[in-house]
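What follows is a set of notes on a single structure, which appears directly below.
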Amino acid sequence: MIDFGLSEDQEALQRAAREFLAAECPPSLVRDTAEAPGGVPRGLYAKMAELGWMGLAVPESHGGLGLGTLELAVVLEELGRVAAPGPFLSTQLVIAALMRAGSPAQRRAWLPRLVSGQAFATLAYLEESDRHDPAGIALRARRTRDGYSLAGAKLFVLDAPGADLFLVAARTRAGAGPAGVSLFLVPREAAGVRVRPEETIDLTRRVGELVLGDVTVPRAALLGGEGKAWPPLERLLDLGAIGIAADSLGGAERALEMAVDYSKTREQFGRKIGSFQALKHMAAEIVAEVEPARSLVWYAAYAFDHRPREAARAATIAKARLGDVYARTVRRAVEMHGGIGFTWEHDLHLWFKRARWNRVAFGYPDHHRERLATIDKY
């Protein structure tokens with residue numbers, strides 16, 4: 554029988570992360586970062602790197618802590634609790650790609666900088682079709698004498714404004730299927746690279762359009778085999794889905810806490826509003842959704858490392874469920890706050906808007922429900 558709880562070491566990591574972020578990432582920092590260029594709180598990320606978080610899932614032989622995806626999910630959950638800004642998840646995806654398919658030279662060039670927090674990276678795969686399958690990748694990579702030339706655009710690239718490195722999905726062969734999909738490491742300083750910031754409802758994250766104007770990269774920029782990148786890319790998307798699900802779990806927990814705390818202090822008609830049966834029922838309904846969702850996230854993270862045949866299914870279930878749970882939780886939390894919950898001055902709107910973005914990132918719940926039906930052959 555598998556125990557889906559956390560081990561003592563994982564619980565210690567969770568406590569340490571919660572205490573650290575409560576002190577170092579208050580809502581005031583989140584608000585200030587939303588108005589700052591790039592959207593990266595450098596001081597916070599320097600401290601996170603000192604704690605080893607940037608290399609949490611990187612083997613010790615490469616300068617990391619040598620932990621797993623479940624530990625990564627624990628930290629992401631705590632980051633979601635405080636609505637932390639910055640490219641933590643984005644950078645973890647590129648680190649995972651380097652560990653899975655990167656050459657020794659590529660790892661030497663980028664891992665030390667990413668693990669130390671001196672550089673940040675992100676995955677660029679979405680295009681105009683907004684599809685999360687091979688058919689959605691149309692950006693062409695044309696062979697040149699010395700490498701490849703990439704031309705096209707990627708939309709809604711998470712953390713693009715502050716990224717130093719882009720992992721770009723492109724086609725090296727015409728078609729709409731998995732064959733021909735390739736991944737390239739494209740530095741921000743490469744000639745022809747432009748980032749156009751895009752506005753979204755979520756103030757805690759930065760998103761941008763990545764425009765590649767005949768960007769020339771050497772053959773050494775190809776990650777893995779040419780035209781064979783869809784399986785590792787699909788695995789990265791699963792990791793992204795798990796990461797967003799973990800973030801959503803933490804955010805839902807925090808929204809519930811804020812609503813309950815408010816109900817214990819706010820008075821109406823001479824009583825604490827938390828004593829009203831309707832609000833008690835609303836809080837209980839939130840708990841009944843959030844608690845079971847926790848096991849979905851933790852199992853998806855566990856399966857990613859230890860049960861590869863179940864990993865995609867577990868990731869898609871977790872993402873589909875947590876996208877809905879987080880959105881409903883913050884909506885009910887706003888309702889429990891009443892009018893003040895809709896104001897700019899109250900911090901709850903940071904989680905409300907983050908939940909909207911989390912629902913979309915790495916696939917809408919409906920996308921993942923359809924994917925689950927395909928996996929299970931319904």
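Just so we're on the same page, the numbering used here is the position in the sequence shown counted from 1, plus 553. Where is the CB? At the ideal position from N, CA and C, for every residue including glycine.
Which residues DSSP lists as bridging residue i, in chain order
i    : result
Y701 : R696 and V770
K707 : L763
S735 : A723
A677 : V721
P781 : What sits at residue 781 in the sequence shown is Lys, not Pro. Its beta-bridge partners are V734.
L609 : L609 pairs with nothing; no bridge assigned.
Exposure label - residue i; buried when at least 16 CB within 10 Å
i    : result
V583 : buried
A886 : buried
H859 : exposed
E806 : buried
S560 : exposed
Y678 : buried
W897 : exposed
D814 : exposed
I893 : exposed
D929 : exposed
S801 : buried
Residue i, DSSP secondary structure in three states
i    : result
K872 : helix
L604 : coil
P750 : strand
P740 : strand
L632 : helix
L776 : strand
Y852 : helix
S828 : Residue placement at S828 is poorly supported in this model, since its pLDDT is 49, which falls under 50; the coordinates are not used for a value here.
K930 : coil
A729 : coil
F905 : helix
Q567 : helix
S656 : coil
V593 : coil
S560 : coil
L620 : coil
Y879 : helix
W897 : coil
D712 : coil
R758 : coil
Rounded C-alpha distance that separates residue i from residue j
i    : j    : result
R758 : L632 : 12 Å
D626 : L620 : It should be pointed out that residue 626 corresponds to Ala in this sequence rather than to Asp. Roughly 11 Å between the two C-alpha positions.
R726 : L776 : 16 Å
P861 : Y855 : 10 Å
Y701 : V746 : 14 Å
D686 : V721 : 15 Å
R909 : T622 : 24 Å
W606 : T927 : 35 Å
D562 : A569 : 11 Å
A729 : L703 : 18 Å
A637 : D699 : 41 Å
A812 : T675 : 34 Å
L566 : E572 : 10 Å
L667 : A713 : 15 Å
L646 : H615 : 16 Å
L792 : A868 : 7 Å
L651 : A610 : 12 Å
S669 : Q659 : 16 Å
G827 : M889 : Low confidence applies to G827: its pLDDT is 49, below 50, so where it sits in the model is not reliable enough to give any reading.
Closest residue to residue i among the options (Cα-Cα distance)
i    : options                   : result
R884 : L763, L703, M835 and T622 : M835
W904 : Y879, L925, E923 and T675 : Y879
A773 : A856, A662, L849 and I795 : A662
E742 : V764, A723 and G733       : V764
E842 : E863, G876 and T869       : G876
L849 : L789, A798 and A706       : A798
A691 : P594, E681 and E564       : E681
Y852 : A871, G761 and E779       : A871
E810 : A794, L790 and A837       : A837
P750 : D717, A782, L736 and F709 : F709
R634 : R912, A808 and G892       : A808
P991 : V748, G617 and L711       : Because the chain here runs from 554 to 931, residue 991 falls outside it and cannot be looked at.
G497 : C578, P657 and S656       : Given a span of 554 to 931 for the chain in the structure shown, any question on residue 497 remains unanswerable.
A846 : G803, S643, V760 and P731 : G803
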